[in-house]
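Chains as they are written, first to last, in our numbering: chain A, 29 to 487; chain B, 29 to 487.
All residues carry an ideal CB built from backbone N, CA and C; glycine is no exception.
Please read these numbers as outputs of a predicted model, since none were measured by experiment.
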């Protein structure tokens with residue numbers, strides 16, 4: 029692979045070179061790398077590149093292009109090129125392309141497929157969005173239990189060319205029901221006269237075509253397989269999913285989680301490709317909800333207006349206090365949400381988590397409380413901003429910090445678990461969401477403690 | 029793979045069953061699944077399980093166990109078992125185990141290795157932590173350019189057993205320098221009398237052993253390979269890295285990023301396994317830094333103490349205003365940090381990003397400003413909390429929200445890019461970090477606008 033500099037240089041040369049030079053350049057890189065170069069550089073003339081690519085490499089490169097480039101490129105193809113490309117690309121990549129097209133374009137493209145490929149394409153598109161079926165390709169090699177290894181190897185040599193992977197070979201019964209998956213490794217190491225049946229363990233792990241893609245992620249991570257078979261609920265082998273497709277799904281899911289956690293709806297496309305309209309509307313939704321929630325702080329402050337008027341000094345520490353609650357809450361929420369996503373903790377651990385977070389919150393709160401207390405004490409040496417009752421104020425702020433950090437930590441850790449329990453996505457309890465929640469309650473804690481400590485002096 | 033329920037049931041049966049039943053149960057699952065079961069259930073007697081496992085399955089299962097279980101289990105092994113296990117597990121999994129051991133245990137375990145394995149182990153441990161060398165295994169198959177396909181297949185059958193993968197075969201020159209990597213697919217599809225040289229493209233993508241693991245992640249994602257060769261800077265083939273090891277690294281890196289983004293140092297172990305001491309100290313660091321930063325808000329508020337005393341009503345909106353800045357900032361930071369991590373935007377895009385974020389910030393700010401204005405206007409119908417100058421206050425809050433959201437959005441988007449430019453990890457500019465930064469400046473914006481609008485009336 030290339031460094032950033034090499035990439036820029038190559039892209040540069042692909043932009044400036046003539047067709048002959050371009051042909052030479054494209055021959056020196058793998059299709060995956062070529063696609064990467066095109067995806068990242070805005071200046072490469074994709075059409076020119078595809079003029080010089082030989083057929084097979086063009087298909088492989090095309091499969092790895094971003095959707096918008098694929099779409100644009102297809103628009104420039106002749107009907108023959110279009111039909112060739114759509115028929116040749118592997119069914120899973122084709123589904124990924126088709127599911128993003130407009131209905132009109134999709135119909136046009138489907139009409140360009142051969143009868144067999146159209147049937148495959150339509151079948152795959154029938155699976156629900158985000159289901160495993162949408163990721164699957166029906167191009168796999170299946171063999172029978174009573175074949176010898178020699179027969180299998182001969183069969184692969186003859187019919188293996190179109191299979192998405194040859195790293196795993198599938199064993200089916202005569203009706204096509206999945207019996208086992210065997211790594212090609214086992215075939216390569218076995219004596220040629222052994223039978224397929226001798227290699228079988230019948231411990232096959234299969235995905236269901238109608239299951240959610242998230243399920244596939246979990247199973248891929250757990251089994252460390254490069255490909256997994258996909259069956260219907262009866263065990264009929266329908267296709268396979270390969271790990272490279274999974275990698276894309278994992279990345280997408282992680283991006284969604286991270287964006288949600290930052291308090292924004294997940295974007296449908298890469299940052300620079302999303303329209304300003306989508307960008308603003310995806311952000312505005314949560315921002316307004318949070319804003320409306322945060323308005324309760326103004327109400328809470330208004331409720332304590334009398335106290336504030338008597339002791340304006342209390343207002344000085346409001347930002348410090350509410351942000352400490354928000355920060356400790358978002359720490360806790362992050363840790364819990366990620367640990368749940370990784371399966372490190374489950375809902376049944378809630379009591380253990382709560383005890384841990386109670387102790388953590390208490391310790392962290394005491395720490396911040398002490399620092400806050402000392403800060404007020406120290407400032408008093410230089411200024412009389414805090415007046416004659418500075419010690420009481422210092423106690424108020426100190427105790428409030430303990431309470432607010434403890435409360436923030438507990439909310440931040442329990443809310444994601446509660447959301448999950450209720451069937452929501454725990455990542456919704458984003459850092460800003462927790463912060464907003466804790467802000468309002470933090471103010472109530474602050475003024476209640478102030479009332480207790482300052483009653484009869486300042487209040 | 030199993031559902032949660034099936035897993036619990038299996039684990040349950042493994043706990044209660046006698047040795048004979050246990051043996052039967054373990055035979056029905058793959059080593060990876062068995063390891064998963066053990067990792068997730070606290071109650072399974074690992075020692076008992078390993079008594080009934082046959083040798084090869086025991087090794088494969090061991091390789092997939094969590095470190096603390098591995099460590100505990102090794103402690104119960106006899107010297108023979110210990111020596112057998114340590115010599116048999118694959119070198120990359122062994123490195124992962126060894127790098128976490130105490131110096132004393134490591135020395136003891138090294139002494140139990142055969143001369144050859146000890147040499148390998150020591151070599152791998154010499155690579156820097158988090159370098160690709162630490163992930164690598166020297167168990168691969170390499171062939172020569174002038175061999176026929178038949179020779180290659182015979183060679184694999186004879187010597188392939190220990191190779192970490194047979195999905196990719198490496199071509200080296202007589203001195204061991206990497207010439208090419210060829211998918212086993214190509215060997216399986218080629219006529220048996222063809223030469224290796226006929227299959228070579230010489231477009232090999234290699235990792236450098238001393239490079240950082242993050243580099244390997246990028247290249248794996250870009251090339252969609254199941255394994256990549258690792259060389260020294262001269263091109264001498266040292267080993268290979270397989271995608272299943274990469275998956276673990278990717279997960280770890282993502283966890284670190286997410287935890288950092290939540291404003292905490294990355295934990296060294298899963299949530300429930302980290303000691304309370306580590307948990308608190310990893311969180312306390314950032315919390316204290318943020319707290320110290322947030323103290324500037326108390327200073328800023330103190331600076332505007334006179335204004336506050338004259339117009340206590342201004343204090344009511346402080347939480348609303350600073351949190352709006354923080355929320356919009358953390359939205360922007362999340363989007364930018366993730367987009368940079370995915371390579372969607374690079375530093376050279378900063379100007380485009382800034383223009384986008386300026387527009388987004390202005391639009392979002394205006395939206396919140398309008399809502400804020402209307403909120404104050406509406407409340408005035410029911411309460412005289414905001415006094416006779418409510419309209420001026422509404423304007424103050426409205427304009428402040430525009431400024432603060434714009435400022436939050438710009439800081440949130442530019443700070444991660446600036447940090448990256450300066451060589452820091454952009455994920456350090458976490459949601460809490462941005463929020464703290466924006467809080468202080470938000471107050472200054474607020475009181476400045478208040479001063480301009482309310483001068484001569486309230487102030």
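Exposure of residue 246/A, with buried meaning 16 or more beta-carbon neighbours within 10 Å: exposed
Beta carbon proximity, residue 388/A to chain B, threshold 8 Å: yes
Other residues of its chain near residue 221/B: CB distance less than 8 Å, five sequence neighbours each side excluded: 176, 177, 178
Exposure of residue 484/A, with buried meaning 16 or more beta-carbon neighbours within 10 Å: exposed
Beta-carbon gap between residue 196/B and residue 208/B smaller than 8 Å: no
Beta carbon proximity, residue 271/A to chain B, threshold 8 Å: yes
Length-filtered (4 minimum) alpha helix (DSSP H) runs lying within the stretch 143–172 of chain B: 143–153
Distance between residue 63/B and residue 39/B (C-alpha atoms, nearest Å): 11 Å
Span of the alpha helix (DSSP H), counted from its first residue to its last, around residue 267/B: From DSSP, residue 267/B is part of no alpha helix (DSSP H) but of the beta strand (DSSP E) over 265–270.
Backbone CA spacing between residue 202/B and residue 169/B [nearest angstrom]: 14 Å
Length of the line joining the Cα atoms of residue 257/A and residue 124/A: 19 Å
Integer-rounded CB distance, given that residue 339/B should sit under 8 Å from residue 486/B: 4 Å
Spatial distance of residue 135/B from residue 60/B (CA atoms): 28 Å
CB-CB length for residue 155/B against residue 238/B, believed under 8 Å: 7 Å
CB contact below 8 Å: residue 83/B versus chain A: no
Residue range of the beta strand (DSSP E) that includes residue 363/A: Per DSSP, residue 363/A belongs to no beta strand (DSSP E); it is in the alpha helix (DSSP H), 346–369.
Residue 114/B vs residue 137/B beta-carbon contact at 8 Å: yes
Interface flag, residue 398/A vs chain B, CB-CB below 8 Å: no
Chain-ordered chain A contacts of residue 476/B [CB-CB under 8 Å]: Under the 8 Å cutoff, chain A gives no residues; its nearest Cβ is about 16 Å from residue 476/B.
Residue 437/B and residue 392/B closer than 8 Å at C-beta: yes
Within chain B, the residues that residue 41/A reaches when beta carbons sit closer than 7 Å: Ordered by position in chain B, no residue passes the 7 Å Cβ test against residue 41/A, which lies about 17 Å from the chain.
Contact check, residue 341/A vs residue 415/A, beta carbons under 8 Å: yes
Cα-Cα separation, residue 250/B to residue 284/A: 20 Å
Minimum Cβ-Cβ distance from residue 249/B to chain A less than 8 Å: yes
Span separating the alpha-carbon of residue 370/A from that of residue 370/B: 20 Å
Whole-angstrom distance between residue 94/A and residue 67/A, CA atom to CA atom: 6 Å
Residues of the stretch 184–217 of chain A whose Cβ lies closer than 7 Å to any Cβ of chain B, in chain order: 184, 185, 188, 189, 194, 195, 212, 213, 216, 217
Alpha-carbon to alpha-carbon, residue 472/B and residue 476/A: 28 Å
Any C-beta of chain A under 8 Å from that of residue 434/B: no
Beta-carbon neighbours of residue 318/B, restricted to chain A and to distances below 9 Å: 351, 352, 355
Chain B contact for residue 377/A (CB, 8 Å cutoff): yes
Identity of the residue in 286/A, 87/A, 181/A, 43/A nearest residue 70/A by Cα: 43/A
Neighbour list for residue 292/A in chain B, Cβ cutoff strictly below 7 Å: 359, 362, 363
Residue of 108/A, 314/A, 295/A minimising C-alpha distance to residue 307/A: 295/A
Supposed contact pair residue 362/A and residue 289/B - C-beta distance, whole angstroms, cut 8 Å: 7 Å
Integer-rounded CB distance, given that residue 349/A should sit under 8 Å from residue 428/A: 6 Å
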